[in-house]
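Engineer: The working numbering numbers the first residue of the sequence shown as 190 and each following residue consecutively.
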Amino acid sequence: MDLKAFAERLEALARELEAQLARAESLREVEALRVRALGKKGELKQALASIGALAPDARKEAGRIANAVKARLEGALADARARVEVLERKRRMEAERIDPTLPGRRPPLGARHLLSRSLEEMVAIFRAMGFALEEGPEIETERHNFDDLNIPPEHPARAMHDTFFLRDLAGYVLRTHTSPVQIRAMRAWRERGMQPPLAVVAAGRVFRCDEDATHSPMFHQIEGFVVDRHISLAHLKWTLRRFLEAWFARTAPIRLRPSYFPFTEPSVEVDIGCLICEGRGCRVCKESGWLEVLGAGMIHPRVLENAGIPPERFSGFAFGLGVERLVMLKYGVPDLRWFFQGDVRAGGM
Ligand code: PHE
190 MDLKAFAERL EALARELEAQ LARAESLREV EALRVRALGK KGELKQALAS
240 IGALAPDARK EAGRIANAVK ARLEGALADA RARVEVLERK RRMEAERIDP
290 TLPGRRPPLG ARHLLSRSLE EMVAIFRAMG FALEEGPEIE TERHNFDDLN
340 IPPEHPARAM HDTFFLRDLA GYVLRTHTSP VQIRAMRAWR ERGMQPPLAV
390 VAAGRVFRCD EDATHSPMFH QIEGFVVDRH ISLAHLKWTL RRFLEAWFAR
440 TAPIRLRPSY FPFTEPSVEV DIGCLICEGR GCRVCKESGW LEVLGAGMIH
490 PRVLENAGIP PERFSGFAFG LGVERLVMLK YGVPDLRWFF QGDVRAGGM
């Protein structure tokens with residue numbers, strides 16, 4: 190081989206590599222070409238190995254040519270790398286392209302349950318009248334739920350029919366009403382050495398074995414009571430009227446009908462003039478012009494005694510109202526079960 194052939198061989202090598210670099214589309218291809226041309230076992234190295242076969246006086250020139258080709262290839266590689274880098278960035282941006290004009294995905298907005306909001310609002314009305322908020326457990330002793338409230342063991346309200354008993358917890362029930370909070374609150378006040386007047390409101394879940402369009406095994410009650418000297422039914426009536434007018438945001442007549450609860454004497458049921466027909470008579474009030482909204486009465490002396498308050502010196506009134514019923518009447522909810530089935534379609538109210 191002579192110098193000319195050597196030069197041609199390198200020229201061919203450089204041309205071929207330049208052509209291939211021009212077609213390369215990725216950094217990986219460029220790198221593979223570099224290894225092939227300039228790597229340890231690359232074509233340039235192989236060409237250089239053949240320098241020894243040249244005539245001694247041609248070797249220097251051959252070395253010069255080889256160096257020039259090497260520099261040319263390095264330049265071509267650098268150019269290709271720069272070009273391909275731009276290409277790759279473009280591809281990447283294309284793949285990661287986002288459309289900023291697309292409207293965002295709005296998560297459906299949650300809302301507090303109508304019952305929770307109503308419960309809070311009702312309690313706020315009583316608090317504004319000076320009632321203090323107390324609470325009691327949902328799992329209650331039979332003693333608080335019944336005995337202390339003057340409901341003896343043979344009383345029908347204690348029958349399996351209404352009450353959820355706890356299989357593994359003898360002596361406990363799911364409270365069937367919020368009235369046991371009366372006992373708890375009066376005792377707590379006594380223990381703290383506090384003297385009447387006492388005005389307490391309590392709100393929460395109660396449980397009864399019962400289910401249809403107007404009964405649910407779990408529902409909510411608000412209990413309220415006041416104990417002081419000379420408390421009378423007149424105080425009860427005034428308080429309830431103030432509450433109902435605040436809740437329904439309108440004036441409305443109320444009436445007390447004689448009734449019976451073991452823990453109040455006398456006991457009354459409280460009706461409000463029908464909000465739908467204004468007392469003329471309609472389907473909702475069953476043509477009576479009145480809607481029953483709660484039970485109440487004067488706290489039975491035995492209940493005061495059970496809670497450590499001397500009935501000779503103090504008297505009190507108490508009431509218990511069904512939260513669901515008051516919410517249904519105010520917002521026109523036709524079926525009690527809607528509150529608990531979690532179907533949001535009717536939730537626009
Ligand atoms: N606890 C009674 C009930 O659940 C309601 C009530 C409370 C009646 C307070 C009188 C006094 O039905």
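Quick reminder that beta carbons are idealized off the backbone N, C-alpha and C, glycines included.
With DSSP run on the structure shown, which of helix, strand or coil describes R248?
Structural biologist: By one-based count along the sequence shown, residue 248 stands at place 59. R248: helix per DSSP, three-state reduction.
Engineer: For D357, does the count of other Cβ atoms within 10 angstroms reach 16, so buried, or fall short, so exposed?
Structural biologist: Within the sequence shown, residue 357 is the residue found at index 168, counting from 1. Per the 10 Å Cβ criterion, exposed.
Engineer: With H, G and I counted as helix, E and B as strand and the rest as coil, what does DSSP make of T154?
Structural biologist: The question about residue 154 has no answer here: the residues shown for the chain are numbered 190 through 538.
Engineer: For the beta strand (DSSP E) containing V512, name the first residue and the last one.
Structural biologist: As a working note, residue 512 is residue 323 in the sequence shown. Here V512 belongs to no beta strand (DSSP E); instead the alpha helix (DSSP H) covers 512 to 520.
Engineer: Is it the case that the region 207 to 220 contacts the region 250 to 266, given that we only count it when at least three CB pairs across the two stretches are under 8 angstroms?
Structural biologist: Yes: the two stretches touch, three or more of their Cβ pairs being nearer than 8 angstroms.
Engineer: May I ask you to report which of helix, strand or coil DSSP gives P292?
Structural biologist: Here residue 292 refers to the residue found at position 103 when the sequence shown is read from its first residue. Of the three classes helix, strand and coil, the one that applies to P292 here is coil, per DSSP.
Engineer: Please tell me whether G299 and A374 are closer than 9 angstroms, where the distance is taken between their beta carbons.
Structural biologist: Walking along the sequence shown from the start, residue 299 turns up at place 110. Walking along the sequence shown from the start, residue 374 turns up at place 185. No, the Cβ-Cβ distance between G299 and A374 is not below 9 angstroms.
Engineer: Could you spell out the range, first to last residue, of the beta strand (DSSP E) harbouring H562?
Structural biologist: Because the chain spans 190 through 538 in this model, residue 562 falls outside it and cannot be assessed.
Engineer: Any C-beta of chain B sitting closer than 9 angstroms to the C-beta of F528?
Structural biologist: Any reference to chain B falls outside this structure, which holds one protein chain only.
Engineer: Are the beta-carbon atoms belonging to V457 and P447 less than 9 angstroms from one another?
Structural biologist: As a position in the sequence shown, residue 457 is number 268, starting the count at 1. As a position in the sequence shown, residue 447 is number 258, starting the count at 1. Going by C-beta atoms, V457 is nearer than 9 angstroms to P447.
Engineer: Around the C-beta of R505, are 16 or more other C-beta atoms found within 10 angstroms, so that it is buried, or is it exposed?
Structural biologist: Walking along the sequence shown from the start, residue 505 turns up at place 316. The sequence shown places Gly at residue 505, not Arg. When all chains shown are included, G505 counts as buried.
Engineer: Quick one: complete alpha helix (DSSP H) runs, 4+ long, within the region 254 to 283?
Structural biologist: List check, alpha helix (DSSP H) in window: nothing returned.
Engineer: Specify, as a first and last residue, the run of the beta strand (DSSP E) that S456 falls within.
Structural biologist: Mapped onto the sequence shown, residue 456 falls at position 267. Taken as a continuous stretch (DSSP letters only), the beta strand (DSSP E) holding S456 covers 453 to 462.
Engineer: Just grab the DSSP bridge partners of V170 for me.
Structural biologist: Absent from the structure is residue 170, since the part of the chain shown begins at 190 and ends at 538.
Engineer: Leaving out five residues before and five after R431 in sequence, what residues of the same chain have Cβ atoms less than 7 angstroms from its Cβ?
Structural biologist: Sequence index remark: in the sequence shown, residue 431 carries index 242 (1-based). Closer than 7 angstroms at Cβ, skipping near neighbours: M318.
Engineer: To the nearest angstrom, report how far apart E274 and A260 are at their CA atoms.
Structural biologist: As a working mapping, residue 274 is identified with position 85 in the sequence shown. As a working mapping, residue 260 is identified with position 71 in the sequence shown. Using only the alpha carbons, I get a separation of about 21 angstroms.
Engineer: Taking the DSSP output, what are the residues bridged to T330?
Structural biologist: As a first step, residue 330 is located in the sequence shown; it is residue number 141 there, counting from the start. The partner list for T330 (beta bridge, DSSP) reads Y361.
Engineer: Please check the pair F452 and N339, which I expect to be a contact at CB under 8 angstroms, by giving their CB distance rounded to whole angstroms.
Structural biologist: Locating residue 452 in the sequence shown gives position 263, counting from the first residue. Locating residue 339 in the sequence shown gives position 150, counting from the first residue. 5 angstroms between Cβ atoms; contact.
Engineer: For L433, which residues does DSSP report across the bridge?
Structural biologist: For the purposes of this step, residue 433 is taken as residue 244 along the sequence shown, with counting starting at 1. None, per the DSSP bridge assignment.
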